[in-house]
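Engineer: A single structure is presented below for examination.
Protein chains in written order, with our numbering: chain H, 819 to 1236; chain A, 819 to 1236.
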């Protein structure tokens, strides 16, 4: 049994009510942390909460399990000694430009510093961003070293093939009025749909219109910076960047049905070269598995593609996803540029991506894009030709010829039995 | 604006009420699908729902965004044509042994077949498991081929280094009475804590004790099978298995502070060799980033480890996590063996893991374990020695000497400036 019992006799409040005392206001987009106020998602002192949801995204469910199992004292407050960022990011003017950042807290990395007074006064304020340093060792980078495409310099790339990076993990923090504006709907509609279409998650989305900030239980982002993080904000320093959406099957396991890992490792190679040229490199990795449809849907679509009459063709690539999921894609790149604005980015000189959706979202948010870098043909796995041709015909960037309707019928993938 | 408006004039129900008509009962653990009944998590016909939460884990939030943006008709039902599993899994006796499986739906892969009648009657039933085939190409496997540790056979491993696998994606489906039992708490306490410690997610956890099944908004699992999936259930066929918990920083980016990707690729190599010997291999991959603490907490801990007085030592490895997170680990391997029981596993001949927590959970659930295979020393990255020594001293399996307290003080990691 639990050593920290859940106090079963206590009254359960199904939804909180506004007008409580002790909660600090959040003025989203204010220029200084003092005016903005901290995001308080604690479950410890409920009266201090000024958001819907709680910290750690999906992992709040595991935290609850830890409490249920008696392993974690629900009153535990994080001891943040020595956890501060290894590198300062900002503040940048974009942090308070209206509507530039709506899905992360730009002050989320430095709460111990900028909200020290509130923390000393007893508010349980947690970082939503953590910044550290790492050595990353990818077999593809070692191969590029061996083949001479990359050269070690002992600073950005060691002789043993480790790339030296600054990296940051970022939890989603949604300012609902701004998120609604990005998606072209009213805030009331967004709140209602988020509540109803998740099967009734967080009634406060509809009962607490005074709470404008939502910590959704979804995966966040990780960024990897090659070179000096401060250079990201200097448009005169060449920035090579890839914005990558998670694909566990390829990124980790190297499935040959798509180009995700080859694109990622090619992007990293470009980033290292960029840093070595005196520029800076950036990979922004978003947890949006299977176009944010999740992996079950993704695998169902694979089967539907491989088994349809005529086999797996580029012509039918998007149609099969739409049959199963109702849409071709749920990634909604609308929120993606926020992380770039957090980093102060004004210009991406070399964007390592073919996606027109990513390009449109980035340029639409006011960031200039110079060159677009596509993946070299030799890096495309055999079975992934179907995806590549379908995407190019749908408007993805290619410096070469766009496949015709006839080409799309002829580009076929492997069957399930092969 | 939305082309599928959210009908703002409609009444919002904050929590549903029992006694509705049309919902099919779920009798968890029943021997046949007809007795068990389908899991209905649809948001389309609310009266049909017989669970708390909805499908696709965290990605239900993205689905809601798609509806808010007008891109997805909320009434869309999945067209499941051609999506059925490529390989039959079960049914196995474990599927109805009391308490053996409490965190996934064993009938989740075959809903189109076993609940065809209910679907024809208009129930929107979705698969929670998808089974497909893939070719996976890992640079480490290609290197093993080149070095002669692996040999291509054209069946399990192609000459170009692709491993031929059956893989499945599995969404969490929690039967709350069974989950509570695993964690040694009452169902009422579990429900209350899941609600309260997530900041008020799903009030039906506390208002609808008649709904026993919860689809939590967390990541699921992916399994990779090397060889014949049916052999997994045959204790006479040698089974090599690794149960792996996600670590994006290592699994994808190859960070040298831990051993996650080396362990995973070593496990895959062992699985391929096992299949080639006439056995079968299994990798079960769980989305439990950073010991289910999430990546922000993980990076905060890295900084605290590297900056503490005396530097990053094996002696202080677990203490730093506990300061920040309140616990050393939130993965709770208690639910992990469910996927093995779904696959019919009775015996793991070669368990590629050092974790005593995983070993205890597996054997405690009634699965025999033969040999335990540890990672070869030459695969441990330089900076990961701190983690390895701390874990061995804490009870992780090692065939060699267990480090002493003196050893732990002497095993030091790289500083943040190196």
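Glycine residues also receive a C-beta, built at the ideal position from the N, C-alpha and C atoms.
1) Can you list, in chain order, the residues of its chain whose CB lies under 6 Å from that of residue 1232(H), leaving out five sequence neighbours each side?
2) Please give me, in chain order, every unbroken run of the beta strand (DSSP E) with length at least 3 that falls completely inside the stretch 1114 to 1194 of chain H.
3) Look up residue 1230(A) in the DSSP assignment and say whether it is helix, strand or coil.
4) Verify the CB distance criterion: does residue 1126(H) have a CB-CB separation below 7 Å to chain A?
5) Excluding the 5 residues flanking residue 916(H) on each side, which residues of the same chain have their C-beta closer than 8 Å to its C-beta?
6) Start and end of the alpha helix (DSSP H) containing residue 933(H)?
7) Given a limit of 7 Å on CB to CB distance, which residues of the stretch 918 to 937 of chain A reach chain H?
8) For residue 1074(A), decide whether its Cβ has a neighbour in chain H, counting only Cβ atoms nearer than 7 Å.
9) Taking residue 1194(A) as the reference, which of 1212(A), 1158(A), 1176(A) and 1218(A) has the closest Cα?
10) Measuring only the C-alpha atoms, how far is residue 964(H) from residue 1065(H)?
11) Output needed for residue 876(A): all residues of its chain with C-beta closer than 7 Å, excluding positions within five of it in sequence on either side, in chain order.
12) Any Cβ of chain H within less than 7 Å of the Cβ of residue 1063(A)?
13) For residue 997(H), which three-state DSSP category applies?
14) Residue 822(H) to residue 941(H), Cα distance in whole Å?
15) Name the DSSP beta bridge partners of residue 975(A), please?
16) Let me see if you follow: with CB-CB separation under 7 Å, is residue 957(A) close to chain H or not?
17) Rounded to whole angstroms, what is the Cα-Cα separation between residue 872(A) and residue 1227(A)?
18) Between 1197(H), 1206(H), 948(H) and 920(H), which lies nearest to residue 1155(H) when the distance is taken from Cα to Cα?
19) Return the chain-ordered list of same chain residues with a C-beta closer than 8 Å to the C-beta of residue 1050(H), the five sequence neighbours on each side being excluded.
20) Can you pull the chain A residues whose beta carbon is under 8 Å from the beta carbon of residue 829(H), in chain order?
21) Under 7 Å Cβ to Cβ from residue 1142(A), same chain only, skipping five residues before and after it: list those, please.
22) Cα-Cα, which of 1130(A), 1214(A) and 931(A) is closest to residue 1178(A)?
23) Give me the residue from 1203(A), 1093(A) and 1222(A) with the minimum Cα distance to residue 1167(A).
24) Any idea which residues DSSP pairs residue 913(A) with across the strands?
25) Name the residues in the stretch 1020 to 1054 of chain A whose C-beta lies less than 8 Å from a C-beta of chain H; which are they?
26) For residue 992(H) and residue 1032(H), what's the separation of their Cα atoms in angstroms?
27) Just mark residue 1045(A) as buried or exposed, buried being the case when its beta carbon has 16 or more other beta carbons within 10 Å.
28) Is there at least one Cβ from chain A nearer than 7 Å to residue 897(H)'s Cβ?
29) Using a C-beta cutoff of 7 Å, does residue 989(H) count as contacting chain A?
30) Where do the N-terminal and C-terminal ends of the alpha helix (DSSP H) with residue 878(H) fall, by residue?
31) I think residue 1085(A) touches residue 1062(A), with their Cβ atoms under 8 Å apart; what is that distance to the nearest whole Å?
32) Cα-Cα, which of 833(H), 888(H), 880(H) and 896(H) is closest to residue 769(H)?
33) What residue range does the beta strand (DSSP E) around residue 1032(H) cover?
34) Quick check: is the beta carbon of residue 863(H) nearer than 7 Å to any beta carbon in chain A?
35) Using a Cβ-Cβ distance under 7 Å, would residue 974(H) count as near chain A?
36) Taking only three categories from DSSP, how would you classify residue 1111(H)?
Structural biologist: A quick look at the data gives this:
1) Taking the first residue of the first chain as position 1, residue 1232(H) is located at position 414. Hits under 6 Å: 1201.
2) 1165 to 1169 and 1186 to 1190
3) Here residue 1230(A) corresponds to residue number 412 of the second chain, with the count starting at 1. Reduced to three states, the DSSP call for residue 1230(A) is strand.
4) Indexing the first chain from 1 puts residue 1126(H) at position 308. Yes, residue 1126(H) lies at the interface with chain A (some Cβ there is under 7 Å from its Cβ).
5) Taking the first chain and counting its residues from 1, the one referred to as residue 916(H) is at position 98. Same-chain partners within the cutoff: 847.
6) Here residue 933(H) refers to the residue found at position 115 of the first chain. From DSSP, residue 933(H) is part of no alpha helix (DSSP H); its letter is neither H nor E.
7) none
8) Along the second chain, read from residue 1 onward, the residue named residue 1074(A) stands at position 256. Chain H, which has a Cβ nearer than 7 Å to the Cβ of residue 1074(A), makes this yes.
9) Taking the first residue of the second chain as 1, we reach residue 1194(A) at position 376. Here the closest residue by C-alpha is 1218(A).
10) Within the first chain, the letter at position 146 stands for residue 964(H). Within the first chain, the letter at position 247 stands for residue 1065(H). Their Cα atoms are separated by approximately 27 Å.
11) Within the second chain, the letter at position 58 stands for residue 876(A). Closer than 7 Å at Cβ, skipping near neighbours: 1035, 1036 and 1037.
12) Here the question's residue 1063(A) lines up with position 245 in the second chain. It does not; no Cβ of chain H falls within 7 Å.
13) Within the first chain, numbered from 1, the residue matching residue 997(H) stands at position 179. Helix, per DSSP.
14) Position 4 of the first chain holds residue 822(H). Position 123 of the first chain holds residue 941(H). For residue 822(H), the predicted structure reports a pLDDT of 48, less than 50, and the residue's modelled location is therefore unreliable. A value from the coordinates is still provided. Residue 822(H) and residue 941(H): Cα-Cα distance of roughly 22 Å.
15) Within the second chain, residue 975(A) is the residue found at index 157, counting from 1. Partner(s): 981(A).
16) The sequence position of residue 957(A) within the second chain is 139, counting from 1. True, the Cβ-Cβ gap to chain H drops below 7 Å.
17) Position 54 of the second chain, counted from the first residue, corresponds to residue 872(A). Position 409 of the second chain, counted from the first residue, corresponds to residue 1227(A). Near 48 Å, if we compare the C-alpha coordinates of residue 1227(A) and residue 872(A).
18) By one-based count along the first chain, residue 1155(H) stands at place 337. When only C-alpha atoms are compared, the closest one is 920(H).
19) Locating residue 1050(H) in the first chain gives position 232, counting from the first residue. Around residue 1050(H): 1043, 1057, 1098, 1100, 1161, 1162 and 1163.
20) Residue numbering aside, residue 829(H) sits at position 11 when the first chain is read from its first letter. Going along chain A, no residue has its Cβ under 8 Å from residue 829(H), so there is no contact; the nearest lies around 11 Å.
21) On the second chain, position 324 is the one that residue 1142(A) refers to. Answer for residue 1142(A): 1115, 1118, 1119 and 1122, listed in chain order.
22) Working through the second chain from its first residue, we reach residue 1178(A) at position 360. Out of 1130(A), 1214(A) and 931(A), 1214(A) has the C-alpha closest to the C-alpha of residue 1178(A).
23) Start at 1 with the first residue of the second chain, and residue 1167(A) comes out as number 349. Ranking 1203(A), 1093(A) and 1222(A) by Cα distance to residue 1167(A) puts 1093(A) first.
24) Residue 913(A) sits at position 95 when you count from the first residue of the second chain. Looking at the DSSP assignment, residue 913(A) forms no beta bridge with any residue, so it has no partner.
25) 1020, 1021, 1022, 1024, 1025, 1033, 1034, 1035, 1036, 1037, 1038, 1040 and 1042
26) Start at 1 with the first residue of the first chain, and residue 992(H) comes out as number 174. Start at 1 with the first residue of the first chain, and residue 1032(H) comes out as number 214. Their backbone Cα atoms lie some 5 Å apart in a straight line.
27) Along the second chain, one-based indexing puts residue 1045(A) at 227. Looking at its Cβ environment, which holds 16 or more other Cβ atoms inside 10 Å, residue 1045(A) is buried.
28) Within the first chain, the letter at position 79 stands for residue 897(H). At least one chain A Cβ lies under 7 Å of residue 897(H).
29) The residue you call residue 989(H) lines up with position 171 of the first chain. Judged by the 7 Å Cβ criterion, residue 989(H) is in contact with chain A.
30) Taking the first chain and counting its residues from 1, the one referred to as residue 878(H) is at position 60. From DSSP, the alpha helix (DSSP H) with residue 878(H) extends over 878 to 886.
31) Position 267 of the second chain holds residue 1085(A). Position 244 of the second chain holds residue 1062(A). Sure, about 7 Å apart at Cβ, within 8 Å.
32) Outside the shown range of chain H, which is 819 to 1236, sits residue 769(H), and nothing can be said about it.
33) Here the question's residue 1032(H) lines up with position 214 in the first chain. It spans 1031 to 1033 - the beta strand (DSSP E) in which residue 1032(H) sits, taken as one unbroken run.
34) Reading the first chain from its first residue, position 45 is the one you call residue 863(H). Chain A contact via Cβ: absent.
35) Against the first chain, residue 974(H) aligns to sequence position 156. Not one chain A Cβ lies under 7 Å of residue 974(H).
36) Walking along the first chain from the start, residue 1111(H) turns up at place 293. Coil, per DSSP.
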